[in-house]
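Below you'll find the structure, written out as structure tokens, and then a few comments.
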Amino acid sequence: MVCQEVDKLLAGYANQSLTPRETIQVAEHVKNCEHCRRKVERLKSCSNKLKQSFSLYTSGVEPPFNSITVIRQKAGIDKAKTSTPRRHPALIGISLSFCTLFLTFFMLVPFLGGAANPPPDPPAMVHDESGGVYLYWQTGSKQYEQYIDAQGNLLWDSNGREITGQGPSFDISGGMDNAQESVNYSERINSIRLWMDKDYNTREYKFKLYVQKENADDNHAWLRQPTEAYRDPAFHLAGYANIISDGEGGVIITSRATDGNHMSSTFDVYILRIDSNGDWIWGDSGILVQKNRSAPTMLIIAGIAIAAAIIFSCLLWRDNRLARILSPIFSLVLFYVGLRGIWLMITTSVGAYSDGWKFVLDTPLNGAAIWLVFIMGFILAVVWSKKAKINSWLVLPVLLPYLLLAGIVVWFNIGFLL
Amino acid sequence: MCSGDSGAFDILFRHYQTSVYRTAYALVGNRETAGEILQDVFIAVWKYRRTFNPKKGAFSTWLHRITVNRCEKTMKRLGKHSCLSIEDLESKGIQIETEARNSLEQTIIHNDEYHRLIEAVNQLSPKLKTVVVLRFFNELSYEEIASVACIPVGTVKSRLNAAINQISKMFSEEGNL
């Protein structure tokens, strides 16, 4: 081997990192080559001096004396030691039992039996002999009446007269002897057919009310095509409708409907009249007999929920024992309240009404309030799960309903999009 | 310690803290940064204690690997500022020969050589510097260095040879060895 070939192996030779074969080759060369031998010595000396240099460089260099304290704090070792979970088996047991009962009886059962209240029955009508009509309807647990004369004037003010417990002997919710049955699919009076159908033009599949004249010899050249009873296209039905003859060849139609200006209806009562010539004589969308706007109940509930969730969260953060016990329960209460509101919104065609719970939704603000209640419950559940200081598996009964619902929502949305 | 015994962690810390601190100091050349690295290393040791597998290698190897990783990240961050600071040895109370002795005691280092060697080490790239420190300061075997730096043994050897050649060359240029 010549010096040039050996040169690149010399460092390895000095560091004893060559293969046996290379070592022998280099050793033989070095034995006869003064230049390379001196270089090997230099490299060996360099290695030795490096060792000494590092030894000198680091001698007397000691780590800071308080390192372990800082490290223990930063690594959370001391914290973990001081915050040993304080367990309250009895209280946890009671909380969990309550949660289980709550979930079983108050959340699952309503869904099994049909959670949403059905829309209220349509108003009933009795026409007098002079073209006017008496109207009876029920809102919540209260019954009302109104009289509309032939010209469309209301006898009482716009919300009618309450007749709860003192009205006519007929049962409004079950239909009336003198009134027509509710229109389910279709009904025909004075050759005018009335029926309800889904509005396939919108994604929500809201129900619409349609009318059409149907006499064979067709003396009246009107309603050749089906027409919406409520001519304002924003209107849609809430429940069924009733139709009676106006005694003069036309019809009077009543139903609960929404004018479409609100996120969901509260079953406003409308009545409209189409005469024998096909004229809408009480206005294109009839007369608004009772306006059911929500009381701000949901907003009050949402306000209480937000305030309570914030207070609970703050108390939890300060390791308050009572908050730790009550938070999971309160969180599930919010979950139930929120879910019930959302469920009512989803399952009824145009809105939701539940007199017992005062869930009256007709504005986006109320709808948002429902969601807010639900979200506040979830936030509280998360805060509680962070600060519960119990086995992390035990927070599942509280968090699981939220996660399950989130999963269901995602699943249905994906299904809908696909 | 793997099961969360903080007492065991304290024992290990006391045993290895000087070694980790000095390795970091030898690599980054700054006491303050070395102190930070020491903290980072042992926080990582506690945090990832469950990932340590005694079957795969010694604790010291694992510890060196964490140290080297942290140091390399710091050196990368600091760039040229990660030079070894040359402190006056006398200030440390260390007396060394002021002149090189004769050939019989050629390996005894003197002050000037020390300074020039540290300067030469400073010129190395972080990768070469790491291998040099692990070999000549920690005195690890090639296999151990390979395990710590997560590179093949052949790469360790070639890097080390390259580093020695480079140091020797720079050293020779500045003065006689």
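First to last, the sequence lines map onto chains Y and P. Per the working numbering, the first sequence starts with residue 14, numbered consecutively. Per the working numbering, the second sequence starts with residue 2, numbered consecutively. Glycine included, every Cβ here is placed at the ideal spot set by N, Cα and C.
query                                                                                                                                                                            : result
Is the stretch 153-168 of chain P touching the stretch 69-83 of chain P, taking contact as three or more C-beta pairs under 8 Å?                                                 : no
Using only CA atoms, which one of Y/Leu329, Y/Ser66, Y/Thr152, Y/Lys155 lies nearest to P/Asp113?                                                                                : Y/Ser66
Please state if the CB of P/Ile38 and the CB of P/Thr68 are separated by a distance shorter than 8 Å.                                                                            : yes
Name, in chain order, the residues that DSSP records as bridge partners for Y/Asp281.                                                                                            : Y/Ala270
Report, in whole angstroms, the separation of the C-beta atoms of Y/Asp272 and Y/Gln303, which I expect to be a contact under 8 Å.                                               : The pair is not a contact, with the Cβ atoms about 13 Å apart (cut-off 8 Å).
When the Cα atoms are used, what is the spatial distance from Y/Leu329 to P/Val21?                                                                                               : 41 Å
With a 10 Å radius around its C-beta and 16 neighbouring C-beta atoms as the bar for buried, classify Y/Cys327 as buried or exposed.                                             : exposed
Helix, strand or coil for Y/Glu158, going by three-state DSSP, please let me know.                                                                                               : strand
Give the single residue among Y/Arg286, Y/Leu31, Y/Ile176 whose Cα lies nearest to the Cα of Y/Gly151.                                                                           : Going by the sequence as given, residue 151 of chain Y is Gln instead of Gly. Taking only the C-alpha atoms, the option nearest Y/Gln151 is Y/Ile176.
Could you spell out where the beta strand (DSSP E) holding Y/Asp210 opens and where it closes?                                                                                   : 205-211
Anything in the stretch 49-60 of chain Y with a Cβ closer than 9 Å to a Cβ of chain P? List those residues in chain order, please.                                               : Lys52, Glu54, Arg55, Leu56, Lys57, Ser58, Cys59, Ser60
Residues of the stretch 6-24 of chain P with a CB closer than 9 Å to any CB of chain Y: list them in chain order, please.                                                        : Ser7, Phe10, Asp11, Phe14, Arg15, Gln18, Thr19, Val21, Tyr22, Arg23, Thr24
Compare the C-alpha of Y/Asn172 against each of Y/Ile284, Y/Trp424, Y/Pro341 and name the closest.                                                                               : Y/Ile284
Thinking C-alpha only, which one of Y/Gln179, Y/Ser143, Y/Pro246 is nearest Y/Gly260?                                                                                            : Y/Ser143
Alpha carbon to alpha carbon, what distance is there between Y/Ser289 and Y/Thr267?                                                                                              : 17 Å
Are any of the Cβ atoms in chain Y nearer than 8 Å to that of P/Glu114?                                                                                                          : yes
Taking just the CA atoms, how far does Y/Arg353 sit from Y/Gly263?                                                                                                               : 43 Å
Alpha carbon to alpha carbon, what distance is there between Y/Lys62 and P/Gly36?                                                                                                : 27 Å
Can you give the beta carbon distance from Y/Thr71 to P/Tyr26, rounded, assuming they're within the 8 Å contact cut?                                                             : 6 Å
Mapping DSSP to helix, strand and coil, what is Y/Ser258?                                                                                                                        : strand
Check the Cβ of P/Ala27 against every Cβ in chain Y and list those closer than 8 Å, keeping chain order.                                                                         : Phe67, Tyr70, Thr71
Report the rounded CA-to-CA distance for Y/Arg331 versus Y/Ala321, giving the unit in angstroms.                                                                                 : 15 Å
According to the Cβ coordinates, are Y/Cys59 and P/Ser169 closer than 8 Å?                                                                                                       : yes
Helix, strand or coil for Y/Ile300, going by three-state DSSP, please let me know.                                                                                               : strand
Quick one: measure Cβ to Cβ for Y/Val346 and Y/Ile314, integer angstroms, because I've assumed they're closer than 8 Å.                                                          : Not a contact, Cβ separation roughly 11 Å.
Does the beta-carbon distance from Y/Arg334 to Y/Ala401 come in below 8 Å?                                                                                                       : no
State yes or no: is the beta carbon of P/Asn70 nearer than 8 Å to at least one beta carbon in chain Y?                                                                           : no
Please check if any C-beta of chain P sits within less than 8 Å of the C-beta of Y/Ala24.                                                                                        : yes
Give me, in chain order, the residues of the same chain whose beta-carbon lies closer than 6 Å to that of Y/Leu318; leave out the 5 immediate sequence neighbours on both sides. : Position check: residue 318 of chain Y holds Ala in this sequence, whereas Leu was assumed. Only Leu347, Val386, Met389 meet the Cβ criterion.
For Y/Ser96, decide whether its Cβ has a neighbour in chain P, counting only Cβ atoms nearer than 8 Å.                                                                           : Residue placement at Y/Ser96 is poorly supported in this model, since its pLDDT is 47, which falls under 50; the coordinates still yield a value, given next. Output row for Y/Ser96: interface = no.
Quick one: is Y/Gly89 buried, meaning 16 or more other Cβ sit within 10 Å of its Cβ, or exposed?                                                                                 : exposed
Can a CB atom of chain Y be found closer than 8 Å to the CB of P/Arg32?                                                                                                          : yes
May I have the straight-line CA-CA distance separating P/Lys74 from P/Thr62, to the nearest angstrom?                                                                            : 18 Å
How about P/Ser148: is its C-beta nearer than 8 Å to some C-beta of chain Y?                                                                                                     : no
In three-state DSSP terms, what is Y/Ile294?                                                                                                                                     : coil
Rounded to the nearest angstrom, what separates P/Ile146 and P/Val157 at their Cα positions?                                                                                     : 7 Å
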